[in-house]
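The numbers in the sequence shown follow full-length UniProt numbering, run straight up by one, and end at 504. Below is one structure; the comments refer to it alone.
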Amino acid sequence: MDSSDSEVIIQLRDVNNVFLGSSTTVPINLSKDQIEQLLKALLKTEANYDDDVDNNKYSFILENSEEIKTTLEDALNLSTKEFSGELVFKITYIPISIYSIRPVTRCSSSLQGHTESVLCLEFSPDGAYLASGSGDTTVRIWDLSTQTPIKTFTGHKNWVMSISWSPDGNTLSSGGMDNNVIIWDPKTGSNTVLNGHTKAVTTLAWQPLHNMNNTDNYPYLASGSMDFTVRIWSVKSYTCIRTLSGHTRGISQVLWSADHENRIFSSSRDTLIKVWEASTGALIKDLKGHAHWINTLTSNTSRLIKSGPYSPENFESGKTKFESMEAMISESKNIYQRFKQESGQERLLSGSDDNTMFIWLPNSDTNKPLHRLTGHQQLINHVSFSANGRYFASASFDKSIRIWCGITGKYLKTLRGHIGRVYRIAWSCRGNYLVSASSDSTLKLWDAETGKLKYDLPGHSDEIYTLDWSNCGKTVASGTIKINKVETSKCVGGKDRLVKLWCH
1 MDSSDSEVII
11 QLRDVNNVFL
21 GSSTTVPINL
31 SKDQIEQLLK
41 ALLKTEANYD
51 DDVDNNKYSF
61 ILENSEEIKT
71 TLEDALNLST
81 KEFSGELVFK
91 ITYIPISIYS
101 IRPVTRCSSS
111 LQGHTESVLC
121 LEFSPDGAYL
131 ASGSGDTTVR
141 IWDLSTQTPI
151 KTFTGHKNWV
161 MSISWSPDGN
171 TLSSGGMDNN
181 VIIWDPKTGS
191 NTVLNGHTKA
201 VTTLAWQPLH
211 NMNNTDNYPY
221 LASGSMDFTV
231 RIWSVKSYTC
241 IRTLSGHTRG
251 ISQVLWSADH
261 ENRIFSSSRD
271 TLIKVWEAST
281 GALIKDLKGH
291 AHWINTLTSN
301 TSRLIKSGPY
311 SPENFESGKT
321 KFESMEAMIS
331 ESKNIYQRFK
341 QESGQERLLS
351 GSDDNTMFIW
361 LPNSDTNKPL
371 HRLTGHQQLI
381 NHVSFSANGR
391 YFASASFDKS
401 IRIWCGITGK
411 YLKTLRGHIG
421 RVYRIAWSCR
431 GNYLVSASSD
441 STLKLWDAET
451 GKLKYDLPGH
461 SDEIYTLDWS
471 NCGKTVASGT
481 IKINKVETSK
491 CVGGKDRLVK
501 LWCH
């Protein structure tokens with residue numbers, strides 16, 4: 001078939017399945033650049049089009065999940081196949097961030113102070129500070145501008161298992177093996193202990209700023225525990241306002257919904273994901289599919305919720321200071337609306353000991369999974385969406401990382417290089433790089449587009465258990481753990497007991 005003479009009918013649509021203009025007849029060998037030119041011309045006919053549309057870049061995906069990288073013909077793979085001239089090919093367009101992130105290439109600092117394994121760490125939303133929690137029962141705050149410790153918080157009586165910054169960055173929460181949640185003022189170190197859980201607190205999540213509707217005028221905090229419950233706390237009155245009961249095993253993850261006010265998702269070792277109405281404590285539905293306990297749960301909105309008003313574009317423009325909570329809420333709403341237009345409806349992604357993942361539409365009428373994903377040969381320890389939700393990655397004990405399409409669930413590539421279990425992964429805020437942490441004591445930085453190893457980052461002397469990439473994109477933090485006497489789950493300090501910072 002002479003492709004130069006062949007034509008097909010296409011119709012462009014966004015990720016929300018809203019069609020742009022009418023169907024159009026085009027040459028089958030239309031290039032990606034020409035499709036982008038057509039898209040921009042159509043966008044300019046819209047009443048509320050973006051004035052900066054000429055500077056935007058887009059990717060294009062066909063219904064069969066193939067991305068158009070060169071020409072429409074290559075993606076359709078129709079050069080030797082007959083096709084009907086009446087068939088309309090639907091092409092989904094997805095904006096690409098033009099915010100530039102350089103890869104981390106070196107260890108810029110080894111932060112000493114913890115005397116046992118580093119179990120959790122998280123950057124503040126504004127990228128100014130790092131918080132770390134340890135088996136030594138302390139929480140430490142580090143200043144990233146000087147790469148020095150500024151606060152050591154004592155209050156827990158056992159391992160610190162989880163930490164989480166409020167999306168405005170003014171409050172820090174931690175959960176421990178001592179069954180307690182502690183609320184900290186990161187500036188002064190003053191704290192309040194929240195009692196109620198009867199077993200270890202494993203996960204913490206703050207209510208999104210853009211979707212906040214409560215009398216506190218401050219986000220609520222949700223905590224999940226090995227006591228099978230999720231608790232919702234007011235950090236203004238320091239009280240538990242709701243207990244969500246129904247799981248029959250320990251909670252592995254709790255998340256707030258970005259799309260629905262007062263909706264919470266929880267995953268558990270009982271193999272279930274539960275969707276809750278937080279304002280009443282009512283169970284909305286169970287999401288069933290996994291055959292073994294769920295290790296990890298995330299959403300395509302998780303990073304947006306944690307970042308609050310601190311988007312990559314705001315870092316680039318220098319808009320990182322806000323005069324009031326109202327200003328933060330307003331900016332968070334703007335960021336959320338842009339995300340919705342570009343990335344569509346909220347998706348959940350779960351990974352399990354059964355070696356599978358499921359994609360869910362938790363706010364839809366169905367409780368059936370959208371996709372079941374297989375390929376890993378051992379348990380899946382961590383899953384994570386890129387910031388724009390276009391991709392997600394999975395980390396497994398089979399020593400590999402897999403990258404998937406966040407829209408269709410299609411498998412894209414496998415990243416191999418680790419010689420030990422892969423514990424954690426973290427995306428750059430643009431989504432062009434991915435960093436992985438392994439039991440082989442190395443970090444590896446990957447080019448997410450090509451799947452190629454960009455940099456090998458040795459330096460730790462123990463298994464790297466925890467990892468985070470700052471919202472501003474400049475710094476990665478990693479921490480190590482050493483597990484001995486597995487039968488008693490005893491945690492002893494790793495050889496280095498360090499938090500390491502990595503930058504370009």
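Every residue gets a Cβ at the ideal spot worked out from N, C-alpha and C, and that includes glycine.
Taking 7 Å as the threshold (C-beta atoms), are residue j and residue i in contact?
| i | j | result |
| --- | --- | --- |
| D227 | K199 | yes |
| T442 | P458 | yes |
| S268 | H247 | yes |
| W159 | P149 | no |
| Y455 | A437 | no |
| F358 | G289 | yes |
| L121 | A477 | yes |
| S364 | H210 | no |
| G224 | T202 | yes |
| W446 | L415 | yes |
| A393 | N381 | no |
| E261 | T301 | no |
| S299 | L348 | yes |
| L272 | D259 | no |
| V118 | S174 | no |
| N471 | S307 | yes |
| D136 | T154 | no |
| I61 | T25 | no |
| I10 | S59 | no |
| K410 | S110 | no |
Name the DSSP bridge partner or partners of residue i?
| i | result |
| --- | --- |
| L501 | S109 and A477 |
| M357 | G351 and L373 |
| C472 | Answer is none; C472 lacks a bridge partner. |
| P149 | W142 |
| F89 | I10 |
| I401 | A395 and L415 |
| E122 | A131 |
| L235 | This sequence places Val at residue 235; Leu is not what is there. BP columns for V235 are empty, so no partner. |
| W184 | L172 and N191 |
| A205 | A222 |
I need the DSSP call for residue i, collapsed to helix, strand or coil.
| i | result |
| --- | --- |
| Q253 | strand |
| M177 | coil |
| residue 540 | Since the first residue shown for the chain is 1 and the last is 504, residue 540 is missing from the structure and cannot be characterised. |
| E463 | strand |
| N170 | coil |
| E326 | helix |
| H382 | strand |
| S132 | strand |
| N213 | coil |
| N367 | coil |
| S223 | strand |
| N191 | strand |
| S117 | coil |
| S164 | strand |
Under 7 Å Cβ to Cβ from residue i, same chain only, skipping five residues before and after it: list those, please.
| i | result |
| --- | --- |
| N214 | Y220 |
| T320 | D126, Y310 and N314 |
| K236 | D216 and Y218 |
Keeping to the same chain, check which residues put their C-beta closer than 6 Å to that of residue i; ignore five residues upstream and five downstream.
| i | result |
| --- | --- |
| L20 | L12 and L42 |
| G417 | K444 and L453 |
| I335 | S311 |
| W233 | L194, L221 and C240 |
| N16 | G344 |
| T80 | Unreliable placement is indicated for T80, whose pLDDT of 41 sits below 50; no coordinate value is reported for it. |
| E63 | K90 |
| S124 | W165 and G169 |
| S6 | I28 |
| D270 | H247, T248 and R249 |
| I419 | D440 |
| L71 | For the sequence presented, residue 71 should be read as Thr rather than Leu. Closer than 6 Å at the Cβ level, and outside the excluded window around T71, lie N29 and S31. |
Who are the Cβ neighbours of residue i in its own chain at under 8 Å, not counting the five residues just before and after it?
| i | result |
| --- | --- |
| W276 | V230, L244, R263, I264, F265, S266, A282, L283 and I284 |
| D54 | K40 |
| E449 | N432 |
| S190 | W184 |
For the ligand SAH, any of its heavy atoms closer than 6 Å to the Cβ of residue i?
| i | result |
| --- | --- |
| H292 | In the structure on display, the ligand SAH does not appear, and there are no ligands present to speak of. |
### Task
Would you mind listing the beta strand (DSSP E) stretches within the UniProt domain "NLE" (8 to 76) that are 3+ residues and don't spill past its ends, in chain order?
19 to 27 and 57 to 62
### Message
In chain order, what are the residue ranges of uninterrupted beta strand (DSSP E) at least 3 long that sit wholly in the segment 246 to 316?
### Response
If you keep only unbroken beta strand (DSSP E) runs of at least 3 residues inside the segment 246 to 316, you get 251 to 256, 263 to 268, 273 to 277, 282 to 287 and 294 to 299.
### Message
As an exercise, report each continuous beta strand (DSSP E) stretch of at least 3 residues that is fully enclosed by the UniProt repeat "WD" (415 to 456), in chain order.
### Response
422 to 427, 433 to 438 and 443 to 447
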